[in-house]
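Report on the following structure.
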Amino acid sequence: MSIMKKRIVLVNQSSGFLVVDDLNAYCTKYDCVSILCAGIKEGVRSINPKVQIDKICKYNKASTLRRLLTWSLGTIQVLFKLLFKYRNFEVVYYTNPPMACFSALLLRNKFRIVEYDIYPNALEAIGISDRHIIYRIWKSIKKKLYAKADAIYTLSEGMKEILLEYGEVEKIKVVPLWSASDDFKPICKEQNPFVKEHHLENKFVVMYSGNIGYTHSVECLIEVAKNMQTDNDVKFLMIGEGKKKTDLVAQAEELNLRNITFLPLQDFNVLPYSLASADLGIITLDENVSRVSVPSKTFNLMAVGVPLLAISNNDTEMFRLISKYQNGRCISKSNVDDIVAYIRELKSDKMLKQKYCNNSLLASKDFTFKNSELYL
Numbered sequence: 002m003s004i005m006k007k008r009i010v011l012v013n014q015s016s017g018f019l020v021v022d023d024l025n026a027y028c029t030k031y032d033c034v035s036i037l038c039a040g041i042k043e044g045v046r047s048i049n050p051k052v053q054i055d056k057i058c059k060y061n062k063a064s065t066l067r068r069l070l071t072w073s074l075g076t077i078q079v080l081f082k083l084l085f086k087y088r089n090f091e092v093v094y095y096t097n098p099p100m101a102c103f104s105a106l107l108l109r110n111k112f113r114i115v116e117y118d119i120y121p122n123a124l125e126a127i128g129i130s131d132r133h134i135i136y137r138i139w140k141s142i143k144k145k146l147y148a149k150a151d152a153i154y155t156l157s158e159g160m161k162e163i164l165l166e167y168g169e170v171e172k173i174k175v176v177p178l179w180s181a182s183d184d185f186k187p188i189c190k191e192q193n194p195f196v197k198e199h200h201l202e203n204k205f206v207v208m209y210s211g212n213i214g215y216t217h218s219v220e221c222l223i224e225v226a227k228n229m230q231t232d233n234d235v236k237f238l239m240i241g242e243g244k245k246k247t248d249l250v251a252q253a254e255e256l257n258l259r260n261i262t263f264l265p266l267q268d269f270n271v272l273p274y275s276l277a278s279a280d281l282g283i284i285t286l287d288e289n290v291s292r293v294s295v296p297s298k299t300f301n302l303m304a305v306g307v308p309l310l311a312i313s314n315n316d317t318e319m320f321r322l323i324s325k326y327q328n329g330r331c332i333s334k335s336n337v338d339d340i341v342a343y344i345r346e347l348k349s350d351k352m353l354k355q356k357y358c359n360n361s362l363l364a365s366k367d368f369t370f371k372n373s374e375l376y377l
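Take 2 as the starting number for the sequence shown in my numbering and just add one per residue.
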């Protein structure tokens with residue numbers, strides 16, 4: 002008698018290094034591993050050649066209409082592929098497209114859901130309240146999905162608390178994110194080529210590296226830089242692209258700020274050096290989002306041993322993380338004076354800075370790609 006092969010298929014329209022690590026973990030337990038996605042963006046760790054990639058349409062976030070169209074098309078493609086091609090596979094749904102998991106109610110496949118973003122709650126950000134008919138229908142469907150699912154995975158305790166309104170606590174498991182590369186580690190400034198290239202020697206570098214978009218409250222850093230123009234040894238670096246960047250550059254030029262530099266998004270092989278050049282790493286998100294999630298860049302900064310400044314309130318997941326590991330501070334974007342005071346304190350108090358550096362590095366040991374094995 003032949004032994005039935007274990008088969009699993011992941012559904013994630015936009016797949017990066019985190020999903021690569023998930024796929025590689027599943028390859029250790031399953032005979033056949035597939036993914037329905039628009040494409041895979043690998044990090045340092047390559048995807049196992051055993052993985053079969055099955056293409057669906059690419060997610061387009063250029064506008065709300067394009068998001069809805071590509072989500073809808075992707076959802077339809079997922080339904081038909083699962084129905085005709087993956088009938089004997091277990092399914093792992095990620096929340097992109099957010100409606101793709103609805104197909105589980107029409108199929109007989111065993112399934113799990115990985116909640117990177119919480120829908121329908123996230124609809125409130127675009128003006129759809131919990132009283133709206135779309136929200137209420139989505140909520141009803143989600144409760145049915147949770148009742149049928151084998152397991153629900155999410156990223157933080159804060160997200161888990163929200164998900165309890167949809168299902169039983171026993172089903173919902175927390176799997177924290179992790180850093181993108183094993184190459185992220187502390188690099189002394191004297192040996193860091195990024196420091197030399199950008200003339201950061203003898204500078205206290207305050208760095209924001211990431212998306213400069215509408216959900217990222219980075220504009221307060223212009224005000225902070227303005228208030229620290231006399232601190233000649235402090236340099237602000239804003240690395241990345243996004244819809245807010247043009248306005249921020251214009252503000253900095255209008256104020257004639259010499260202590261802030263804007264750089265484009267860095268190549269992946271430069272990231273270990275650019276992040277390690279920071280003396281203080283800035284983490285920021287929209288207030289509604291930061292209550293329940295931790296940006297993935299947090300784990301990269303901790304891996305290089307950088308103290309953190311989370312521009313967020315105290316009722317956030319970032320506050321919980323920093324309080325637990327004692328590797329920085331959370332300060333609201335409205336408290337510019339407190340942000341300035343913290344930067345100056347960290348610059349002058351070498352023991353405090355070293356404590357936060359050490360604690361970030363220790364914390365990073367809890368956030369490695371081995372966390373992907375928690376899905377098994």
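Don't be surprised by glycine CBs; every beta carbon is placed ideally from N, CA and C.
Small disclaimer: the values here were computed from a predicted structure and weren't measured.
Per-residue burial, residue i [other beta carbons within 10 Å of its own, 16 or more giving buried]
i: A181; result: buried
i: N360; result: buried
i: E318; result: buried
i: S73; result: exposed
i: M208; result: buried
i: Q14; result: buried
i: R330; result: buried
i: P98; result: buried
i: I119; result: buried
i: L11; result: buried
i: K371; result: exposed
i: M2; result: Unreliable placement is indicated for M2, whose pLDDT of 44 sits below 50; the coordinate value is still reported in the next sentence. Result: exposed.
i: P308; result: buried
i: T71; result: buried
i: V170; result: exposed
i: N122; result: buried
i: N233; result: exposed
i: A226; result: buried
i: M5; result: exposed
i: T65; result: exposed
i: I134; result: exposed
Residue-chain proximity (residue i, chain B), Cβ-Cβ < 7 angstroms
i: K354; result: Of the chains in the structure shown, none is chain B; there is only one protein chain.
Those residues which DSSP pairs with residue i across a bridge
i: E116; result: T155
i: M239; result: Y209, F263
i: C358; result: Its beta-bridge partners do not exist; DSSP assigns none.
i: I173; result: I153
i: T369; result: Answer by DSSP bridge pairing: none, since T369 is not bridged.
i: T29; result: The partner list for T29 (beta bridge, DSSP) is empty, contrary to what the question assumes.
Rounded distance between the beta-carbons of residue j and residue i, thought under 8 angstroms
i: F185; j: L276; result: 7 angstroms
i: F300; j: S365; result: 7 angstroms
i: Y274; j: F195; result: 4 angstroms
i: T76; j: E116; result: In fact, because the Cβ distance is near 17 angstroms, the residues do not count as touching under 8 angstroms.
i: C33; j: S16; result: About 18 angstroms separates the two Cβ atoms, so there is no contact after all.
i: I57; j: V92; result: The Cβ separation is near 14 angstroms, so there is no contact.
i: G243; j: I213; result: 3 angstroms
i: K140; j: L106; result: Rounded, the Cβ-Cβ distance is 14 angstroms, inconsistent with contact.
i: K144; j: Y167; result: 5 angstroms
i: N328; j: M303; result: 7 angstroms
i: R46; j: D23; result: So it is not a contact: roughly 11 angstroms between Cβ atoms.
i: I323; j: A311; result: 6 angstroms
i: Y136; j: I114; result: With a Cβ gap of about 18 angstroms, Y136 and I114 do not count as contacting.
Exercise for the section: Evaluate contact between the stretch 334 to 350 and the stretch 277 to 287, counting only Cβ atoms and requiring at least three cross-stretch pairs below 8 angstroms. Expected result: yes
Practice task
Report yes or no: do the stretch 73 to 89 and the stretch 125 to 145 share at least 3 C-beta pairs separated by less than 8 angstroms?
Solution key: no
Exercise for the section: Determine contact between the stretch 331 to 341 and the stretch 150 to 164, defined as no fewer than three beta-carbon pairs at a distance below 8 angstroms. Expected result: no
Practice task
Would you list, in sequence order, the uninterrupted beta strand (DSSP E) runs of no fewer than 3 residues that lie entirely inside the stretch 290 to 341?
Solution key: 309 to 312, 329 to 332
Exercise for the section: Could you tell me whether the stretch 245 to 252 touches the stretch 145 to 161, using the rule of 3 or more Cβ pairs below 8 angstroms? Expected result: no
Practice task
List in chain order: all unbroken beta strand (DSSP E) runs of 3+ residues lying wholly within the stretch 49 to 103.
Solution key: 53 to 56, 91 to 95
Exercise for the section: Specify whether the stretch 50 to 70 and the stretch 27 to 42 touch according to this definition: at least 3 beta carbon pairs, one from each stretch, less than 8 angstroms apart. Expected result: yes
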